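Colleague: So the sequence shown is numbered by numbering that gives the first Met the number 0: it starts at 0 and just counts up by one.
Note that CB positions come from ideal geometry on N, CA and C, so glycine has one too.
Please read all numbers here as calculations on a predicted model, not as lab measurements.
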Amino acid sequence: MRKLLMVVAAAFLSMSNAQAQLNPMEPIPADKEVRMGKLDNGLTYYIRHNEKPKGQASFYILHDVGAIQEADNQQGLAHFLEHMAFNGTKNLPGKQMLEYLETVGVKFGYNLNAYTTWDETSYMIEDVPTSRQGIIDTAMLILHDWSHFIALQPEEIDAERGVISEELRTRDGAGWRSAINMVKHIGKGTKYEVRNVIGSLEGLKSFSYSDIEDFYHKWYRPDYQAIVIVGDIDVDKTEADLKTLMADIPAPAADAPTKETIVVPDNDEPIISVFTDPEMTATTGSVFIKRPAMPREANGLVLREMQDILLNYITLMQNARFEEIAQQTDAPFLNASMGNGSIGLIPTLEATMFEIKTEDGQFDKGFEALLLEMEKIRRYGYTQGEFERAQNNLMRFAERQYTNRNDRLNGEFKDALMMNFQKGYAIPDAEYEWKLDSTLITTITVDDINTVCQQMIQPKNWVVVVNAPEKEGIDNPTEAEILSMIEKARTAEVEAYVDNVVKQPLIPDEKALKGSPVKQESFNEVLGTTEWTLKNGAKIIVKPTTFKADEVRLAVETPGGTSILSDDEFYTAELMAGILQQSGIGNFPATELRKQLSGKTAQVGFSVDNYSHGLWGYASPKDLETMLQLVYLHFTSPRYSEDDYNTFMKKLRAQVENLLKNPDYIVQDKVMETVYDNNLRRQMISPEILEGVKFEELEPIHDKLYAGANNFTFTFVGNVDLQTLKPLVEKYIGSLPATKEKMNFKDDGVHPVTGEVVNDFRTPMQQPKVSVWYYFTGKVPYTIENRMKMTFLSQALNSRYLQSVREEKGGSYGVQVGGMSTYAPDENYTLIVMFDTNEQMADELMEIITAEIRKIAEEGPLTEDVEKTREYLAKEWKIGLEQNGTWMDYIDKYYTNGLDYLSNYENVLNNLTNEDIRQFAQKILDDGNMVKVVMRPEAAEAPAAE
0 MRKLLMVVAA AFLSMSNAQA QLNPMEPIPA DKEVRMGKLD NGLTYYIRHN
50 EKPKGQASFY ILHDVGAIQE ADNQQGLAHF LEHMAFNGTK NLPGKQMLEY
100 LETVGVKFGY NLNAYTTWDE TSYMIEDVPT SRQGIIDTAM LILHDWSHFI
150 ALQPEEIDAE RGVISEELRT RDGAGWRSAI NMVKHIGKGT KYEVRNVIGS
200 LEGLKSFSYS DIEDFYHKWY RPDYQAIVIV GDIDVDKTEA DLKTLMADIP
250 APAADAPTKE TIVVPDNDEP IISVFTDPEM TATTGSVFIK RPAMPREANG
300 LVLREMQDIL LNYITLMQNA RFEEIAQQTD APFLNASMGN GSIGLIPTLE
350 ATMFEIKTED GQFDKGFEAL LLEMEKIRRY GYTQGEFERA QNNLMRFAER
400 QYTNRNDRLN GEFKDALMMN FQKGYAIPDA EYEWKLDSTL ITTITVDDIN
450 TVCQQMIQPK NWVVVVNAPE KEGIDNPTEA EILSMIEKAR TAEVEAYVDN
500 VVKQPLIPDE KALKGSPVKQ ESFNEVLGTT EWTLKNGAKI IVKPTTFKAD
550 EVRLAVETPG GTSILSDDEF YTAELMAGIL QQSGIGNFPA TELRKQLSGK
600 TAQVGFSVDN YSHGLWGYAS PKDLETMLQL VYLHFTSPRY SEDDYNTFMK
650 KLRAQVENLL KNPDYIVQDK VMETVYDNNL RRQMISPEIL EGVKFEELEP
700 IHDKLYAGAN NFTFTFVGNV DLQTLKPLVE KYIGSLPATK EKMNFKDDGV
750 HPVTGEVVND FRTPMQQPKV SVWYYFTGKV PYTIENRMKM TFLSQALNSR
800 YLQSVREEKG GSYGVQVGGM STYAPDENYT LIVMFDTNEQ MADELMEIIT
850 AEIRKIAEEG PLTEDVEKTR EYLAKEWKIG LEQNGTWMDY IDKYYTNGLD
900 YLSNYENVLN NLTNEDIRQF AQKILDDGNM VKVVMRPEAA EAPAAE
């Protein structure tokens with residue numbers, strides 16, 4: 000790290016322009032809008048006013064401690080303690096905290112949550128209404144109690160043991176096991192080898208009350224805590240109230256233990272792990288070249304920002320190279336990526352990181368190619384052309400950040416403030432950050448970057464982790480073979496990268512575009528939208544907003560989708576969007592298109608669903624024309640490349656062939672098979688389905704779906720100027736062909752089964768668990784009222800299951816309830832309930848699931864559950880009115896389904912009754928359509944008789 004810092008500093012000294020403006024050792028000044036300080040007891044605080052969203056604030060407390068502080072008898076207790084913070088505190092005993100916050104629209108699991116890692120524990124109360132001072136006071140009181148006054152009642156601890164045991168059971172899949180193995184090897188020689196954050200089933204059941212109390216009193220203390228409050232609040236009052244409220248939190252004793260600074264030891268030879276798992280779904284390899292993290296005192300300097308930008312340059316350029324290689328028909332790997340900086344696990348460590356994914360049995364080929372690419376970086380660095388494209392993209396990103404400076408949400412401030420507390424990172428204001436970054440981006444040269452590259456790829460401190468499925472007939476590499484490949488690459492002949500790119504217009508003969516004018520214009524008073532109909536029949540809807548200065552969203556849609564295609568075409572149509580995206584557009588392969596668009600913020604893609612299809616897109620206001628050029632090309636000039644098709648299918652086959660070893664995939668596959676009676680249009684992806692995809696079908700399917708612009712509605716939402724947009728729309732959308740055929744969706748024969756159907760099966764799994772899925776279906780008119788009833792019923796059931804299944808029984812980490820209403824192919828509802836548990840409790844919990852639905856159907860929901868949901872939805876409604884994505888949804892439902900959310904939502908919300916919800920639950924039971932799918936672990940073999 001010291002060598003890299005010296006190289007970065009030397010690079011800075013070579014930049015004469017930068018030297019004139021910047022001092023690398025100069026501290027970056029803090030944003031004056033952030034009020035920060037430290038109380039006498041050691042508690043750090045940050046407060047910032049922000050009105051995105053208006054009338055809301057978010058409250059956080061970060062404990063700079065985690066699983067790594069646990070003693071051997073406390074493994075898993077940092078995470079367990081996080082759970083206990085929601086099970087009673089000094090001022091809010093029992094469940095009072097959850098109950099109160101939900102009465103003001105703050106929902107547990109959505110706005111109220113926490114997480115624990117190896118080195119930190121963070122609690123959040125987000126999107127809190129600030130309309131009453133009492134709500135703000137209570138949120139701050141909760142932070143106060145989370146600092147030092149968690150109750151830790153023995154009966155609550157015992158009740159939570161089952162919940163966290165089930166969380167472990169749910170989490171313990173191949174991905175989690177491989178992640179723990181990776182941390183173990185990156186942190187080899189330290190406590191990171193023996194901590195997994197959640198602990199073990201045996202430990203969770205047997206630890207003593209004193210074990211968790213000792214951890215709590217030792218490590219939850221103000222000198223390791225920071226409070227962050229961001230939102231629509233009075234900063235002066237909030238600071239004064241905070242100082243008064245937190246004054247009774249005692250400072251740590253003079254002899255209080257201090258956290259150990261864990262330094263991962265250097266390693267001269269690579270640390271190698273080959274990890275296999277029967278449930279692993281892909282073969283991957285990761286290379287970490289470790290380096291010590293930059294010292295805290297340097298993180299707030301200009302030098303830190305310079306290093307980050309240098310490394311960002313390298314990461315952008317290398318990932319572009321990897322994308323280019325992966326696109327080749329004979330690519331040695333399916334995909335590859337590079338990252339630089341913090342690895343998100345160990346605070347004292349940073350790394351240069353590479354990852355590849357290969358076909359099973361082809362790891363050696365992919366890994367050797369990766370090693371040669373790494374050598375190419377070290378020996379030759381990057382070309383001027385690559386550098387210029389990366390510079391364009393970095394400048395565009397910095398410019399967008401600056402343009403959107405007044406549109407940042409509370410959470411965006413929170414992340415920066417927490418990094419300041421933990422690592423001393425600077426928190427500059429937007430003006431300073433833009434000036435600094437734009438100066439650094441434009442003064443760094445490709446020679447500076449290539450000097451850094453020589454020091455970045457060093458032979459020491461390597462960690463190599465291979466993850467692969469356990470699979471017959473596949474030989475994974477040994478440690479010795481991996482070492483041999485590394486040594487061989489270091490002396491191999493490597494040719495420098497050759498950058499071939501020719502700048503040319505997206506549309507070759509743009510002058511030939513005839514366009515068509517707006518023939519009809521109107522204004523919708525309800526939505527505030529301008530409506531244009533072009534001469535070619537295309538319908539344009541524009542909603543100018545000021546929610547985000549550098550964002551314009553586009554949705555292009557028509558009813559139809561795969562429903563208008565034959566069964567033989569279905570599989571190809573399902574994958575068409577991905578295949579064509581991989582192939583590029585017009586005259587440009589995908590990699591060349593990215594080069595052409597460097598420095599621009601504009602993207603367009605295909606969207607093909609069951610009953611509608613079209614395009615999606617987004618752009619900066621300054622790149623609107625580029626987005627519309629891409630729209631034109633997606634209609635008229637998709638690129639059909641059999642080589643790109645084969646590359647796409649090769650990647651997909653490699654992903655799919657191992658899925659049926661993953662229990663979570665298996666149960667979802669059984670659910671879809673059972674609910675839709677094995678209808679081919681609702682099957683989960685499989686090797687057999689991929690056999691039905693045909694390259695030669697792509698062009699006729701595209702031409703059938705995108706034949707005429709007159710069938711489509713083009714909706715623009717964002718910071719768009721009507722006078723700027725209109726001639727662009729007339730030119731590009733107006734030049735699209737029209738068709739006489741009117742498009743609409745069809746009944747494709749996909750309907751859920753009727754009656755009660757049960758599929759109870761067993762399958763092999765590494766961590767035994769039972770997964771249960773319920774599907775309740777039926778017909779109901781597609782109205783705002785019925786959609787609202789389904790939402791209220793789902794939330795009422797969520798509340799009931801939280802109490803009965805999680806809290807009282809401790810039988811599951813959580814029951815997920817989701818309800819939806821759809822309008823195609825007919826108007827219907829679906830209520831889904833799913834959970835994981837252990838085999839001993841599965842049947843009992845299934846009885847509770849249906850009993851709670853029957854209880855609501857008979858007695859109605861609890862009034863407090865209804866009112867909590869009403870408050871939550873009212874709050875979310877206000878937030879949504881300031882978001883482009885929400886407006887896009889409202890506009891779509893207005894024009895597609897005739898649902899006027901703007902005029903009717905609040906009225907429906909405020910007038911929905913308990914009886915309405917009871918009747919809706921009763922209708923579901925009366926309809927009598929229930930599918931239950933139960934996946935159990937394969938029974939253990941009985942011991943042989945003696």
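1) Cα separation between residue 962 and residue 58?
2) Do residue 934 and residue 660 have their CB atoms nearer than 9 Å?
3) Taking the alpha carbon of residue 388 as the point to measure from, which residue in 763, 593, 616 has its own alpha carbon closest?
4) Compare the C-alpha of residue 730 against each of 673, 665, 626, 774 and name the closest.
5) Measuring alpha carbon to alpha carbon, tell me which of 560, 614, 744, 527 ends up nearest residue 893.
6) List in chain order: all unbroken alpha helix (DSSP H) runs of 4+ residues lying wholly within the stretch 269-306.
7) Is the beta carbon of residue 668 less than 9 Å from the beta carbon of residue 750?
8) Do you know how far the Cα of residue 467 is from the Cα of residue 474?
9) Return the bridge partner residues of residue 827 from the DSSP annotation.
10) If you draw a straight line from the C-alpha of residue 715 to the C-alpha of residue 61, how long is it?
11) Would you mind working out which of 374, 347, 345, 360 sits nearest residue 353, comparing C-alpha positions?
12) How far does the alpha helix (DSSP H) with residue 618 in it extend, from its first residue to its last?
13) Measure the alpha-carbon distance for residue 583 versus residue 637 and round it to whole angstroms.
14) Taking the Cβ atom as the reference point for each residue, do residue 498 and residue 672 lie within a distance shorter than 9 Å?
15) Beta carbon of residue 120, beta carbon of residue 202: below 9 Å?
16) Thinking just about the alpha-carbon of each residue, which of 79, 256, 242, 241 is nearest to the one in residue 207?
17) What separation, rounded to the nearest whole angstrom, lies between the Cα atoms of residue 884 and residue 524?
18) Between residue 585 and residue 912, what straight-line distance do the alpha-carbon atoms span, to the nearest angstrom?
19) So is residue 114 buried or exposed if we call it buried at 16+ other beta carbons inside 10 Å?
20) What would DSSP say about residue 922, mapped onto helix, strand or coil?
21) Check whether the stretch 530-550 touches the stretch 905-921, counting contact only when three or more Cβ pairs, one atom from each stretch, lie closer than 8 Å.
22) Since residue 542 sits in a beta bridge, which residues does DSSP pair it with?
23) Is the stretch 856-872 touching the stretch 798-817 in the sense that three or more CB pairs, one from each, lie closer than 8 Å?
24) For residue 37, does the three-state DSSP call read helix, strand or coil?
25) Are residue 230 and residue 56 closer than 9 Å when you measure CB to CB?
26) Taking three-plus beta-carbon pairs below 8 Å as touching, is the stretch 104-118 in contact with the stretch 839-858?
27) As a quick exercise: from 379, 515, 223, pick the residue whose alpha carbon is nearest that of residue 496.
28) Between the stretch 127-145 and the stretch 214-232, do at least 3 Cβ pairs fall closer than 8 Å?
29) Does the beta-carbon distance from residue 362 to residue 225 come in below 9 Å?
30) Tell me the DSSP bridge mates of residue 114?
31) Could you say which of 145, 631, 782 lies nearest to residue 736 if we only look at CA atoms?
32) If you draw a straight line from the C-alpha of residue 922 to the C-alpha of residue 682, how long is it?
33) For residue 601, name the three-state secondary structure that DSSP assigns.
34) Report buried or exposed for residue 427, applying the criterion of at least 16 other Cβ atoms within 10 angstroms of its Cβ.
35) What are the start and end residues of the alpha helix (DSSP H) that includes residue 180?
36) Which value, in whole angstroms, describes the spacing of the CA atoms of residue 177 and residue 285?
Modeller: The relevant details are as follows:
1) The shown model of the chain, from 0 to 945, leaves out residue 962, and the question about it has no answer.
2) no
3) 593
4) 626
5) 527
6) 295-298
7) no
8) 10 Å
9) 778, 821
10) 40 Å
11) 374
12) From DSSP, residue 618 is part of no alpha helix (DSSP H) but of the beta strand (DSSP E) over 611-618.
13) 7 Å
14) no
15) no
16) 79
17) 20 Å
18) 55 Å
19) exposed
20) helix
21) no
22) 716
23) yes
24) strand
25) yes
26) no
27) 379
28) yes
29) no
30) 121
31) 631
32) 28 Å
33) strand
34) buried
35) 173-185
36) 12 Å
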